[in-house]
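A.B. asks:
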Amino acid sequence: MINFNKGILSLILLSCSLSLISQISRGTLLDQEAPLSTASFFTADQLNLEALRKTTSFLTNRDIKTYRGYQIPKRKKAFMRHVKHLSEILEQHYQEQKKSTAEIHEWVYELYLLESSLKQKTLARARTKVTLGEKINLVLDSYRSRRVFRYKIPEASREIYEIPESPYYHPLSKERSPHKQFGYLAKQKKVDAKKNMVVLFKDLSLSGSAPKIGTHDLDLDNEWSLKWGDEVHTDVVGSRIFAALGYDVDHPYFYGRDKLTLVFDEPTEVNNAEELIQALKKIYKVDIGPFISNYGTVSEEMAKTQKKLTAFIGKPYVRFVKCAIEARPDRVKRIGSFIPHTPLNQDRRELKASLLAHHFIGNWDTKESNTLLTTVHSGNYNYRISAVFSDLGTSMGVSLKTLNRDFKVGLVNKLPWEVVKKKGNKLKFNNRINSILPAYKKANYHDLLWMAEKIALLDETMLRKIIEKAQWPEPIAELYFHKMASRRASILKAFNIQDPHPIKFDRKLNLYELGELVVKEGKLIKDYQADRNPESFLKKKGRFRNYGN
């Protein structure tokens, strides 16, 4: 035992040393100069024209190709048109010598966010690999987070108040049920996921750890990220819960056996199913073969049952046992992160409160790269900015394997029945996250209480409808429902909120399938339908061990 403790201590000291070295070394790349302040856009009570034009030029002048020596991502026409429109309005106010108003400050703040976010994306893209020190930081934050998230219950009043519409939070309409908010946001962005989907191969993806590719919709305007593995159910649920709580999100959809057809329309780096398997195995070390149901060339018979395939007769195709697609609509332009490098954001209640939403779904991956500032085209050359919580699939039961650096999500047995416990006058949360961002460090009891009130609005019907969208096998979906109902109840109890919609749940749930016990006393005991679920809901081998396949 003594030797073991010494070994653990040595590992921690080594990790801390590597972490420090990593922070020092990446400071030459990632640390920006002192962040811009909106105050720099004003002189006395009027706009500072020089600062305004400097920001506008950085955002729209394509002759400015680098920032701190690194290539600036391509600035789309719609993005530049939006920036120029804002700048023209502000210049007109300057020429008319108008004093600053709340509306002017709002426009300036938008430019400030766009500039800061684009700079962050430039620096983030310059780094093609996550350093060893950063990987260690993720592990250390994962274990430290359980000690950090403890809050003393104050004796003061509850401080509950509504937050107005902002890029970070969208108050829900009384006429629209919270579980319908996801669809409402999708409709605004012209996202249209068909029941039977056909997508065209576009390119390979090199980001993240879950196997994925880029695809085109048949209109060639909108794109979709097509992915496989352990997030295809969880991302669907996590995104819809965040939307139901008032946040903007990406739009993932689950597709079961043969419900999505990937067509290789034009000669590219990948031209058929076999080449796709080999390419993804090389990039992600994952063999997606078990996720493929059939492949070949599109036949006339196939086109008779699915007319959209008529134009692709003779082209290679592949279909899947299961997969998910995530929308990349043309009218939404993704820029960079919106949280850590903008000090004004760190004190916003809606962002600090999002920490409880992460706890609710058991999300582990809270890196800054999973927060995105976007511009949304609303039609008639009108644009708005919106902050998107992205990649919420590393949730709903996470297993971490430190020694082999593997992890697995969507393990229902790993999702605790409770989110938080109240001990005396303190609250203690049990969820691990891998990045304790500045806004989360600043979160206090009242911020989380505000979010708890939002979670209280989710009733049984809403929760069931959200879980249904993930299309888990029935016993697993039912177990997840009982667990999420229990987690919701634990939050309301901890914050002393009277439940407006009590939901019954059973922690000793037993479920049978064809006479066989699948869930025993609230725990999945059978590797359910392993042939239909190659990632497994029970085995803990994750993406870095090919899901045990």
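Residue numbers (my numbering): 43 to 591. Where is the CB? At the ideal position from N, CA and C, for every residue including glycine. Remember, predicted model here, so these are calculated numbers, not experimental data.
With respect to the beta strand (DSSP E) encompassing E563, which residues constitute its N-terminal and C-terminal limits?
C.D. replies: Position 521 of the sequence shown, counted from the first residue, corresponds to residue 563. Taken as a continuous stretch (DSSP letters only), E563 belongs to no beta strand (DSSP E), as it is neither H nor E.
A.B. asks: If V440 sits next to K456, beta carbons under 8 Å apart, how far is it from one beta carbon to the other, in whole angstroms?
C.D. replies: For this step, residue 440 is matched to residue 398 along the sequence shown. For this step, residue 456 is matched to residue 414 along the sequence shown. Correct: roughly 6 Å between the Cβ atoms.
A.B. asks: Count the other C-beta atoms from every protein chain shown that fall within 10 angstroms of the C-beta of T257, then say buried if there are 16 or more, exposed otherwise.
C.D. replies: The sequence position of residue 257 within the sequence shown is 215, counting from 1. Result: buried.
A.B. asks: Quick one: measure Cβ to Cβ for I377 and L156, integer angstroms, because I've assumed they're closer than 8 Å.
C.D. replies: As a first step, residue 377 must be located in the sequence shown, where it is residue number 335. As a first step, residue 156 must be located in the sequence shown, where it is residue number 114. With 8 Å as the limit, I377 and L156 qualify as a contact, their Cβ atoms being about 7 Å apart.
A.B. asks: For L415, report the span of its alpha helix (DSSP H) as first-last.
C.D. replies: Taking the sequence shown and counting its residues from 1, the one referred to as residue 415 is at position 373. No alpha helix (DSSP H) holds L415; the beta strand (DSSP E) holding it covers 413-421.
A.B. asks: Our contact map puts E392 next to I205 with C-beta atoms below 8 Å; I'd like the distance itself, whole angstroms only.
C.D. replies: One-based indexing of the sequence shown puts residue 392 at position 350. One-based indexing of the sequence shown puts residue 205 at position 163. Sure, about 5 Å apart at Cβ, within 8 Å.
A.B. asks: In whole angstroms, what is the alpha-carbon distance linking M438 and P196?
C.D. replies: Residue numbering aside, residue 438 sits at position 396 when the sequence shown is read from its first letter. Residue numbering aside, residue 196 sits at position 154 when the sequence shown is read from its first letter. Spanning the two alpha carbons is a distance of roughly 30 Å.
A.B. asks: For W149, report the span of its alpha helix (DSSP H) as first-last.
C.D. replies: The residue given as residue 149 occupies position 107 in the sequence shown. Unbroken alpha helix (DSSP H) run through W149: 144-168.
A.B. asks: Could you give the first and the last residue of the continuous alpha helix (DSSP H) run that contains Y326?
C.D. replies: Here the question's residue 326 lines up with position 284 in the sequence shown. Run containing Y326: 315-326, per the alpha helix (DSSP H) assignment.
A.B. asks: Closest to D261 by CA distance: which of A485, P371, L415 is it?
C.D. replies: Residue 261 sits at position 219 when you count from the first residue of the sequence shown. Checking every option, the nearest Cα to that of D261 belongs to P371.
A.B. asks: Which value, in whole angstroms, describes the spacing of the CA atoms of Q175 and S420?
C.D. replies: Counting from 1 along the sequence shown, the entry for residue 175 is found at position 133. Counting from 1 along the sequence shown, the entry for residue 420 is found at position 378. Position check: residue 175 holds Gly in this sequence, whereas Gln was assumed. Going from the Cα of G175 to the Cα of S420 covers about 42 Å.
A.B. asks: Could you check the C-alpha separation between E130 and I106 for me, to the nearest Å?
C.D. replies: Position 88 of the sequence shown, counting from 1, holds the residue named residue 130. Position 64 of the sequence shown, counting from 1, holds the residue named residue 106. In a straight line, the C-alpha of E130 is about 20 Å away from that of I106.
A.B. asks: Between the Cα of T310 and those of F121, K507, K244, Y193, spot the shortest distance and give me the residue it belongs to.
C.D. replies: Locating residue 310 in the sequence shown gives position 268, counting from the first residue. Checked all of F121, K507, K244, Y193; the closest Cα to T310 is K244.
A.B. asks: Leaving out the 5 sequence neighbours to the left and right, which residues in its chain are closer than 6 Å to I367 when beta-carbon positions are compared?
C.D. replies: Indexing the sequence shown from 1 puts residue 367 at position 325. Only W266, L268, Y295 meet the Cβ criterion.
A.B. asks: Whose C-alpha, out of D87, L227, G271, is nearest the C-alpha of P576?
C.D. replies: The sequence position of residue 576 within the sequence shown is 534, counting from 1. The shortest Cα separation from P576 among D87, L227, G271 belongs to G271.
A.B. asks: Can you give, in chain order, each stretch of the alpha helix (DSSP H) that sits fully within the region 249-292 and has at least 4 residues?
C.D. replies: Whole alpha helix (DSSP H) segments, 4+ residues: 276-286.
A.B. asks: Name the residue from Q113, H135, R123, H124 whose alpha carbon lies nearest to the alpha carbon of F83.
C.D. replies: Within the sequence shown, the letter at position 41 stands for residue 83. For F83, the nearest C-alpha among the options comes from H135.
A.B. asks: Give me, in chain order, the residues of the same chain whose beta-carbon lies closer than 8 Å to that of K565; leave out the 5 immediate sequence neighbours on both sides.
C.D. replies: The sequence position of residue 565 within the sequence shown is 523, counting from 1. Closer than 8 Å at the Cβ level, and outside the excluded window around K565, lie N455.
A.B. asks: For N552, which option in A235, D541, I567 has the closest C-alpha, if you only look at C-alpha atoms?
C.D. replies: What you label residue 552 is simply residue 510 of the sequence shown in a count that begins at 1. Checked all of A235, D541, I567; the closest Cα to N552 is I567.
A.B. asks: Would V190 be called buried (16 or more neighbouring beta carbons within 10 Å of its own) or exposed?
C.D. replies: Taking the first residue of the sequence shown as 1, we reach residue 190 at position 148. Exposed.
A.B. asks: For M239, name the three-state secondary structure that DSSP assigns.
C.D. replies: Your numbering for residue 239 matches position 197 in the sequence shown. Strand.
A.B. asks: Between the region 277-289 and the region 338-345, do at least 3 Cβ pairs fall closer than 8 Å?
C.D. replies: No, they do not touch.
A.B. asks: Considering I508, what are the terminal residues of the alpha helix (DSSP H) in which it resides?
C.D. replies: Here the question's residue 508 lines up with position 466 in the sequence shown. Start and end: 502-510.
A.B. asks: Which value, in whole angstroms, describes the spacing of the CA atoms of G298 and K140?
C.D. replies: For the purposes of this step, residue 298 is taken as residue 256 along the sequence shown, with counting starting at 1. For the purposes of this step, residue 140 is taken as residue 98 along the sequence shown, with counting starting at 1. Each residue's alpha carbon lies about 58 Å from the other.
A.B. asks: By Cβ distance, which residues of its chain are closer than 7 Å to Y226, with the 5 residues on each side in sequence left out?
C.D. replies: Residue numbering aside, residue 226 sits at position 184 when the sequence shown is read from its first letter. R218, listed in sequence order.
A.B. asks: For the beta strand (DSSP E) holding A429, just list the boundary residues, first then last.
C.D. replies: Here the question's residue 429 lines up with position 387 in the sequence shown. Unbroken beta strand (DSSP E) run through A429: 424-431.
A.B. asks: Measuring straight from C-alpha to C-alpha, what distance separates N313 and L469?
C.D. replies: By one-based count along the sequence shown, residue 313 stands at place 271. By one-based count along the sequence shown, residue 469 stands at place 427. Roughly 54 Å separates the two Cα atoms.
A.B. asks: Which value, in whole angstroms, describes the spacing of the CA atoms of T436 and Q571?
C.D. replies: Taking the first residue of the sequence shown as 1, we reach residue 436 at position 394. Taking the first residue of the sequence shown as 1, we reach residue 571 at position 529. Each residue's Cα considered, the two are about 22 Å apart.
A.B. asks: Are the beta-carbon atoms belonging to A369 and V233 less than 8 Å from one another?
C.D. replies: Position 327 of the sequence shown, counted from the start, is the residue given in the question as residue 369. Position 191 of the sequence shown, counted from the start, is the residue given in the question as residue 233. Cβ atoms of A369 and V233: closer than 8 Å.
A.B. asks: According to the neighbour-count rule (16 or more other Cβ atoms, all chains shown, within 10 Å of its Cβ), is K236 buried or exposed?
C.D. replies: If you number the sequence shown from 1, residue 236 lands on position 194. Flag for K236 reads exposed.
A.B. asks: List the DSSP bridge partners of Q113.
C.D. replies: Translated into the one-based positions of the sequence shown, residue 113 becomes position 71. Note: Q113 sits in a beta bridge opposite T108.
A.B. asks: Using a Cβ-Cβ cutoff of less than 6 Å, which residues in the same chain neighbour L398 once the five nearest sequence positions on both sides are dropped?
C.D. replies: Working through the sequence shown from its first residue, we reach residue 398 at position 356. Closer than 6 Å at Cβ, skipping near neighbours: L490, M493.
A.B. asks: Grab the span of the alpha helix (DSSP H) containing V340 for me, first residue to last.
C.D. replies: Working through the sequence shown from its first residue, we reach residue 340 at position 298. Here V340 belongs to no alpha helix (DSSP H), and DSSP marks it neither H nor E.
A.B. asks: Any idea what DSSP makes of K231, helix, strand or coil?
C.D. replies: On the sequence shown, position 189 is the one that residue 231 refers to. Reduced to three states, the DSSP call for K231 is coil.
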